[in-house]
Structure formats: structure tokens, C-alpha cells
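Colleague: I have a structure here, written as C-alpha cells, and I will follow up with some questions on it.
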Amino acid sequence: MAVTKKKKEVKKKPAQATADKVKKIASQKPTVKKATKPAVKKSVAKKLAARKPTAKTASKGKTIKQSVTVKAASAKKTAPKARTTGKAAAKAIIPAPVSALAPLTEKPKAIVPVEETPKAIQPAVKTEKPPKDKSFTPQVFEKKWQAKWEADKLYRAVIDEGKPKHYALTMLPYPSGDLHIGHWYAMTPSDARARFKRMQGYNVLFPMGFDAFGLPAENAAIRDGIHPMKRTMENIERMRKQLRSMGAMFDWEREAVSCDPRYYRWTEWFFIQLFKHGLAYRKMSPVDFCPRCNTTLAREQVWGENRVCERCGTPVIKKDLEQWFFKTTKYADELLNFDELDWPERVKVLQTNWIGRSEGASVIFKTEQGDDIEIFTTRPDTLWGATFMVFAPEHPLVDKITAPEQREAVEAYKAQAARQSDIERESADKEKTGVFTGGYAINPVNNERIPIWIADYVLMSYGTGAIMAVPAHDERDFAFAQKYNLPIVEVIRPDPPHPLTPNYLGGEKEGGELKAAYTGAGVMVNSGPFNGTDVNTEKGRKNPGIRAVIDWLEEKGIGKEAVNYRYRDWLISRQRYWGAPIPMIYCEKHGWNPVPEDQLPVLLPEDVEWRPTGESPLKLHPTWKNTTCPVCGEPAVRETDTMDTFMCSSWYHLAYLSPYHDKAPFDEAEYNYWMPVDTYTGGIEHATMHLLYTRFFHKALRDMGITEGNEPMIQLRNQGMVLAEDHSKMSKSRGNVVAPDILVNKYGADTVRAYLMFFARWEMGAPWDSQGIEGTARWMRRVWTLFTDPTPPKPDSAYDGRQLRRRVHQTLKRVTHDFENFEFNTIISSLMELLNEMYKAREAGAAGSPAWDEAAEIYLKMLAPVAPHIAEELWTNQLGKPYSIHQQQWPPVDEEAAREEMIELPVQVNGKVRDRITVPAEATEEEIKSAALASAVVQKYLDGKEPKKVIVAKGRLVSVVI
């Protein structure tokens, strides 16, 4: 149903800040507010307005010179409101910059040809005789309409307060090679739905760009031996052409490319704001390091049980480096709140588990030497059952507490543990191993001396790297104690007893032997002042035993209530060249300070050894790193690491708002109109990386007064994966990648689009079927023939159009529902079925009737989001309607016309279907009962008796109980 246009209520903004208040945004103390209504972002714009963007690098090293033609987008004044452009600012940033924010009009001359990437296989398809209708040439009219749409700026999105907005966003691709069928599978249904929303009356923004920094692009450049900038820009130009062949309604004037200095200027600026607000910090930390890629990896980039690099598959090692982190854990609790999000449940579960919130207590044990050992436990009610402690082999106190006679065994075990992955070490199925250190700790609740062991199932990355072990009530601790003959003390007794109670009674205190760990509810025993206290299975203070013990620990000063997370702060440092520079300067006297904002962007030098060596390429540059301290002016050095590419993609949805804006990251008016993103589409594999980082980024900016609201994207939908025909993952190395270019050349873009929406449920995906596209191609040709047949059957002036109208409006109702709910495969099947009905109606003489004319218009409007080119061609040239069909309103459903006159209902007798009856659609319950009981088949089963009950499920069935 078309959306009624209504005037959008414009938020009233507070008075503009004074000049003093303007300066405050960048210099305010690093405090983070709660999610209250933040200050308007005008302060950011004003602050930067007073500055002239420059391209200082404070070094003698060359900056990247990109000799390409920049085509500034012309802004016609036909739109309600034009966007700000920044050609002058762009020139100030970098000489002859590559236009990442407007399409290139010619191939960059500085880019030398490269070896062709391995060609994707051509799908095996049956050869079919060409259609009799020689006029069906989609490859011709598709290019014609694509050129016209772009020339007319048909999809240019501008602010229009007279329409409701819809910001539709699909995840931007990496320009590391050609587009493959997986890109099309993600993007074309997203494009179809964006088109549908536009026809519903929404003002739709559907932008596109390229996530151009990072490992994928750099590894491709390394593989081909070409500078990453040249390689990346050539890939982008090729992918632009491929994306245009899709016929999508991308607003190319808003294109954003993360490696363009005009883009990463603001990536650097955002880093500085995070630093100023205490959310960016540097520390020495053991990190995952890929020896082949020569870079650190975030936890999310280490894959599988064998802990391999997500990009190259090389086993990951541990390495101690000083790194930059973002304090994502500060927002852990808020990230667990999904109340405002219409996101798939699976994504919410993945993020919840990744954050891993646990409630319990922090308790201080002491070594015999007097060192504090802080442990976190979710079960403080079992403290009296702690009979030993276990440290992670990497714990900093291990060397100090290890007895001389245990030193050799401890060192050997530490080396063994270092070779295992965290997943292997935590596996519930893995046999528990460990070594006694010879050291002891004192249990603070009963002052008992307990041994300290090291074991690989305890990790430094979770909690404090030390645990208290309660074998009577923890299965893992129980297995460990059984293996090494360690004491077991029962402190929770089942109440009331059950048949297996003897298995859980006894232990050292009772003079018996426990057969299994008990983890259920009961009462506390052997627990000093808490004997007899009830314990249930609730977490935290909802458990009476836990609540009582936490209060007691806090009273005694030996512990406190605590929350722990598996989630870790975001490691963003990368020892690579191809990334946004980290805009920080180190001075021996003043430590780390940000680059002055009027010197942004810090540009990447061109003359650098960008191939990986184990050190940051920027660190090896002879001059680039040398600069002056922004505080004292003395010699200083730049940070030579670059940022994780997820930093760039955490804000690209904001870059699309006003990519030419040069006074702030985005134009305030654009933000206020378009944000938040209404619909975001992409792969579920980004659930714990990009999607989580983007939410953190938005919340952090909100607390700085730069953004508004609690969430950046309201609705999220994930597509499945297109597999190879043998059900394996598509891969260039396997030679099983399906290239959409080949399919477009053979069938046309509309057929490829329609087939991708038809062959599988979009959210699930499926193996590719190279034969199936032929059926979709036949459907497209039948659509063409229906509308272009020069000799249609003779019209019948007496034709009754009610049946055709019924089928049309029933289909329209289903298709509208399915577009709203991303059920693309059933949209195509519904359109195929309706086409068959229209052929039948034409044979019956419907052509030329009002019902036929209505059916033709509605059919093409429903087809337009799916197959935009053929719909435009037939709408304009066959129906003679005004250009463009993509500016037409979505047709309303005529509910009266869609209503069935007669319906067929199954009739059950004692639960089994015995007959079917046809009744008027508006029949009453009594009329339906009478019709069912009048059935000869039902009468046979009744055998002259009265039924016990007759149940009518209206519109579904009739059930007769005898």
C-alpha cells in the first residue's frame, strides 16, 4: 500500500553555541555520558569551519599522488535541497586526488595493467534455441536505460521534507577483485526492496561505496606486485562497471571510498575524538599475530579450532606488542540491549554470547608470600568448597610462586600450553591436564591452605587468569581433582533428596567419596555461618545463597559484587601499510598526543616498502615518521601502525550522508533527515565484528554529542550464502566461482536478478543451480511476448474481468507482503503464476478490456523492482506510459476485488479428510456446517446418526466428530 505523504516534523534545535562552547567539543575532559539527548552536531561543524583543510605531513616523504581525473558531480537545482560540495577542500587535501566520491570518467593513466585475475568458471548451461521473437534483446535495452537513468539522475537522493524517508543500506564490498555471484545475491534483492519502498512513496537513499583499506586489498596488491593504491583504484573502476550492469538504484553521487584522503581524514579525526574522551589507549599486550600477513589480528579474525588467520589460513602465534585499543568494554552492558533493534534473533544471540556477561563476585586470595590473587567467580556461595587454585600458565605470578623442584615441570607445561589454541584449551571434551607449582594460597573465607596448580583450561584472556577450584560443584574442576587426587569438599547438598543424591553426598568432610559434581539447587553445608542457606539455580543476587555471601564478603572487605565479560577491548593497531594512519605523535617529554586537527589528514607516503617485513612499513620509511611535538615543538615521531579496517567501516553509513562535506564528517541537515539507517542488509558473518563495532562507535559518538539516538541501524536482515553446485564454498582457488558478467552477457541483468531472488530463500542461500536460470529466462521472454505480441487473440467485448481482477489483486497483496518481509523467492513465483493467468485471460478475449489494462499496469509495477529494465521498456514503449515506471506509486490492493466468491474446504471425519465442499466465501458457520453434513460421503460415515460435534475453522476446514 502506498505511503501517504506527510510533512516530517522537524526537530527544534537549541541556539547555536558560542565560539567558546564550540571549542569545547574537541578539548572537553574524557568523560562519557549516559544515553541522554546529546548536543547538536553544529558545534563540530563550526569548530572545523574556522579551519582550512591542509595536507601537511610534517615530513619530506612523498605523499600518494593519484593522477586521475576528478569529475565533480554537477548539482541540478531541481531537487528540494542540494548537498554541499567541497571541491576546493578536496584540492587542499591532496594534489590531484582520486575521486572516491564521484565516479571516475576515465581509467587512471598512472595505473599500469596488471595480470588478469583467475577467470571465474562459466556456469554450465544447456544451449537453447534462440527465441522466435528476435526483438527481445535485453543486453541492448538494459544498457540504454542504465545510461538514461544515470544521465537523468533518477536515483539521486535529496532531502524532501514532504516525504517520509527510508535509508536502505547494503554492506559495501572490498575492492580486492571482481564482483562474484555472492555480491549480486546480497545486493540485488536489497536493491529490489529499496525500489519497492520508493514506489510506496518513501524518499529512498540507497548508496554504494568501497571498503578499500585493509588486508583483502593489500594482499591482492602483494600477490600481483602492484602498489596497493594503483591496484585498489583499478579494482574499484572495474567493480563500478560491474555494479552499474546490475541496474541497481545506487546514488553514485554519494559514493565513498575509505582509502580516499577525504574519507580517512575523518577516520583519523574520529580516532582523535575517541582519544580525547578516554576511549582510545595504548598498552603492552599479548596479541594474536599472523606470521605470513605480518600483522596483529583481532580475536574475531582468528578462525577455527586450529587458530588460523581468517585471510590466509596461517596458524596464528602469540606476540607481545604495544598496541592501541578502543575501550569497547565500557559499552558492554549497553551493547546487550537490543530493545530498539529489529534484528534477527541469531545475530542478537551471537552478540550476547560474544560479550559474555557473567554476574558474581570478585574475591581476593593471597599467596603464602603475601601477593594478592584476584579471582572472579559466578558461585561465591561455593567458596568454602575451594580446595585448590588454578592459574593460567601465562599468569604473571607463576614464576614467583613456583618451587625450585617444580620449575622444570612448570616450564615444560607452559611451553606446551603456548602451542595450543584457546578453543582447544577450553574444550569440554579435552582431557584436563596441569602441573602443581609447589606454591600455596590462603582461602580467605576459612584461612585454609590450598595448593596452586597451572592448567591450560584457564585463560589469561578471561577473568583474571586465576580461578578457585570447587570440584564438588563444577564438572571441570571435578575431573581435574579426580585425575590428580585433590581434595573434594561438598558445600551444596540437594534438598529435597532425589534418587541420585548418594552420588553427590560425602567428600573429604564427610569421610566419603563423591561420584559426580553437583550443580543444582539445595542448601549450603560445610560453609560456616551460611549452613542451611537456600541455594537455587538463578544467577547473581536472584540466588539467595549468592546474595548472602556477597554481602558478607563486602562487610569483611575480602570481596565485592562484580560483573565479568568475555568481551575484550577492540585492538585496532595493524603493522601494515594499507590502512588509515593512526594520527598520534610521541614525544619523550610529553608522551603521546594527537596530531593537530588542522593538519589532518596524515597522508600515507607513496615511496615506502609496502610489502610485509614484520615491521610497520611506515616505521621503515626514512623521513615520514619524523615530525615535531604538538606540545613543545621538539623533534618527535609519528605512530607508524595503521588502523584496523573495521574502523573505516564503522562510520561509512555517515560518510554517505554528505561525502563532499569538508567542514565536518557529515552535514548536520543530512544527518537529521536520513539517520538512522532504516534497513541494513549483509552477511551474518559480521555479527561479532563490524556490526558490534558500528554499534559501539555510534554510542561513543552519541556521548560526545556528535550523533543522536542509541542505535545506527534499526532493521537488519542477513542473506544466506550461494554455494558451488557441489555444495562447497565458492573459491577462486577451486575455480568454482560463478561470474555474473558471463550470465549478464548471456541472459541480461534482469534475468540474473530475478533468478537470484527465485532460486533460494534469501536468508538461507543454497547451492548454485546453473540449469535453473533457464526457467527464469523463459519467464522473462514470456513476459516480453505477452506485451509485444503483434497478433494477440481477438478481444471479446463481453469479457467478464472479475476473475482476472481477483487474481491480480490477490497477487498484489501477496507480493506487497513478501517485499515487506524479504521473501523474494515467493514474489517471483507469484509473478510467474499471474503471468499464466494473464495468458489464459488474453486467450479468453481480455485484451483491451479495463480489467486487462489494469492487470498490465499492475503487473509491470510489481515487476519493476525485480527486473527494472524490461519493466521500463514495456511501460514506456508498449503501454505508452510516462517515463519512468520507477517514479510511479505502488498500486493499492482492492480488497473487494481480491475476495474469492467461492472457496473449497476439506471435510474431516474423526480427524481424516474424507471429502471437499465448495461454499460461498462469505458463507456463515451454520451454512458451512449444513453443506458439510449434506455431503454424501459424510452421510455414509454418519450412517443415520447425529454427529457429536461439528467444528468449522473458517476458511480452512470442517471437522465432523462422530
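If you're matching positions, the sequence shown starts at -18 in my numbering and goes up one per residue.
The C-beta atom is built at its ideal place from N, Cα and C for all residues, glycine as well.
Measure the alpha-carbon distance for MET220 versus LYS124 and round it to whole angstroms.
Modeller: Computed Cα separation, rounded: 16 Å.
Colleague: Spatial neighbours of GLN784 within its chain, please: CB distance less than 8 Å, with the 5 preceding and 5 following residues excluded, ordered by chain position.
Modeller: ALA822.
Colleague: Label ILE253 either buried or exposed according to how many other C-beta atoms from any shown protein chain fall within 10 Å of its C-beta, with 16 as the threshold for buried.
Modeller: Flag for ILE253 reads buried.
Colleague: On the DSSP letters alone, give me the boundaries of the beta strand (DSSP E) that THR151 sits inside.
Modeller: 146 to 151 is the extent of the beta strand (DSSP E) around THR151.
Colleague: Which same chain residues end up closer than 8 Å to HIS667 when comparing Cβ atoms and leaving out the 5 residues on each side of it in sequence?
Modeller: Answer for HIS667: MET152, listed in chain order.
Colleague: Can you name, in chain order, every residue of its own chain whose Cβ lies under 6 Å from the Cβ of GLN223, other than the five neighbours on each side?
Modeller: If we look at GLN223 and ignore the five residues flanking it on each side, its Cβ neighbours are LEU160.
Colleague: Could you check which residue in VAL618, PHE800, VAL847 and SER778 has the C-alpha nearest to that of TRP760?
Modeller: Per the Cα distances, VAL847.
Colleague: Which residues in the same chain as GLU349 place their Cβ atom closer than 6 Å to its Cβ, once the five residues preceding and following it in sequence are excluded?
Modeller: Taken in chain order, the residues that qualify are TYR421.
Colleague: For ARG174 and MET843, what's the separation of their Cα atoms in angstroms?
Modeller: Cα to Cα, the separation comes out at about 11 Å.
Colleague: In three-state DSSP terms, what is SER226?
Modeller: Looking at SER226 - three-state DSSP - the assignment turns out to be helix.
Colleague: Which class does ARG549 belong to by DSSP, given the choice of helix, strand or coil?
Modeller: It is coil, neither helix nor strand.
Colleague: Could you pull out every residue in the same chain whose Cβ sits closer than 8 Å to the Cβ of TRP387, ignoring the five residues on either side in sequence?
Modeller: Reading off the sequence, residue 387 comes out as Gln, not Trp. Cβ within range, chain order: VAL416, PHE417, THR418 and GLY419.
Colleague: Is the separation between the beta-carbon of PRO154 and that of ALA193 shorter than 7 Å?
Modeller: Result no, Cβ atoms of PRO154 and ALA193 do not sit closer than 7 Å.
Colleague: Between the segment 544 to 558 and the segment 308 to 324, do three or more beta carbon pairs fall short of 8 Å?
Modeller: In short, these stretches touch, since the Cβ pair count reaches three.
Colleague: What are the start and end residues of each continuous alpha helix (DSSP H) run of 4 or more residues lying completely inside the segment 584 to 664, in chain order?
Modeller: As far as the segment 584 to 664 is concerned, its whole alpha helix (DSSP H) runs of at least 4 residues are 598 to 601, 626 to 630, 633 to 636 and 649 to 655.
Colleague: Do ALA913 and ILE898 have their C-beta atoms within less than 7 Å of each other?
Modeller: Yes.
Colleague: Which same chain residues end up closer than 8 Å to ASN726 when comparing Cβ atoms and leaving out the 5 residues on each side of it in sequence?
Modeller: Counting only Cβ-Cβ distances below 8 Å, and skipping sequence neighbours, we find GLN120.
Colleague: Among the candidates THR621, ARG592 and PHE677, whose CA atom is the shortest distance from the CA of ASP550?
Modeller: It is PHE677.
Colleague: Exposed or buried, which one is ASN424 when buried takes at least 16 other CB atoms within 10 Å?
Modeller: Looking at its Cβ environment, which holds 16 or more other Cβ atoms inside 10 Å, ASN424 is buried.
Colleague: What three-state label does DSSP hand SER339 in the structure shown?
Modeller: SER339 falls in the strand class under three-state DSSP.
Colleague: Restricting to runs no shorter than 4 residues, where is the alpha helix (DSSP H) found entirely within the segment 685 to 723?
Modeller: You should have found no qualifying run.
Colleague: Check for me: the beta strand (DSSP E) holding PRO432 runs from which residue to which?
Modeller: Residues 430 to 436.
Colleague: Express the C-alpha separation of TRP305 and ILE217 in angstroms, rounding to a whole number.
Modeller: Spanning the two alpha carbons is a distance of roughly 30 Å.
Colleague: For LEU186 and ASP403, what's the separation of their Cα atoms in angstroms?
Modeller: When rounded, the distance between both Cα atoms is 43 Å.
Colleague: Which partner residues of ALA934 appear in the DSSP bridge assignment?
Modeller: Bridge partners of ALA934: LEU938.
Colleague: Is the beta carbon of ILE431 less than 7 Å from the beta carbon of PHE369?
Modeller: Closer than 7 Å, so yes.
Colleague: Alpha carbon to alpha carbon, what distance is there between CYS240 and PRO640?
Modeller: Using only the alpha carbons, I get a separation of about 13 Å.
Colleague: If you drop the 5 nearest sequence neighbours on each side, which residues of the same chain put their C-beta closer than 8 Å to that of THR807?
Modeller: Cβ within range, chain order: ARG795 and ASP799.
Colleague: Would you kindly check if the distance between the Cβ of THR363 and the Cβ of MET341 is under 7 Å?
Modeller: Residue identity check: residue 341 is Gly in the sequence provided, not Met. Contact: no.
Colleague: Quick check on the DSSP output: what are the complete alpha helix (DSSP H) runs of length 4 or more inside the segment 273 to 343, in order along the chain?
Modeller: Fully enclosed alpha helix (DSSP H) runs of 4 or longer: 313 to 316 and 326 to 336.
Colleague: Buried or exposed for VAL941, going by 16 or more other Cβ atoms inside 10 Å?
Modeller: Its Cβ being crowded by 16 or more others within 10 Å, VAL941 is buried.
Colleague: With 16 as the cutoff for other CB atoms within 10 Å, does MET189 come out buried or exposed?
Modeller: Buried.
Colleague: Give the secondary structure of MET265 by DSSP, where H, G and I count as helix, E and B as strand, and everything else as coil.
Modeller: Three-state result, MET265: strand.
Colleague: Do the segment 854 to 864 and the segment 733 to 744 touch if we need at least three Cβ pairs shorter than 8 Å?
Modeller: In short, these stretches do not touch, since the Cβ pair count stays below three.
Colleague: LYS381 by DSSP, collapsed to three states: which one?
Modeller: LYS381 falls in the helix class under three-state DSSP.
Colleague: Between the C-alpha atoms of ARG243 and CYS610, what's the straight-line distance to the nearest angstrom?
Modeller: Distance between the alpha carbons of ARG243 and CYS610 is about 24 Å.
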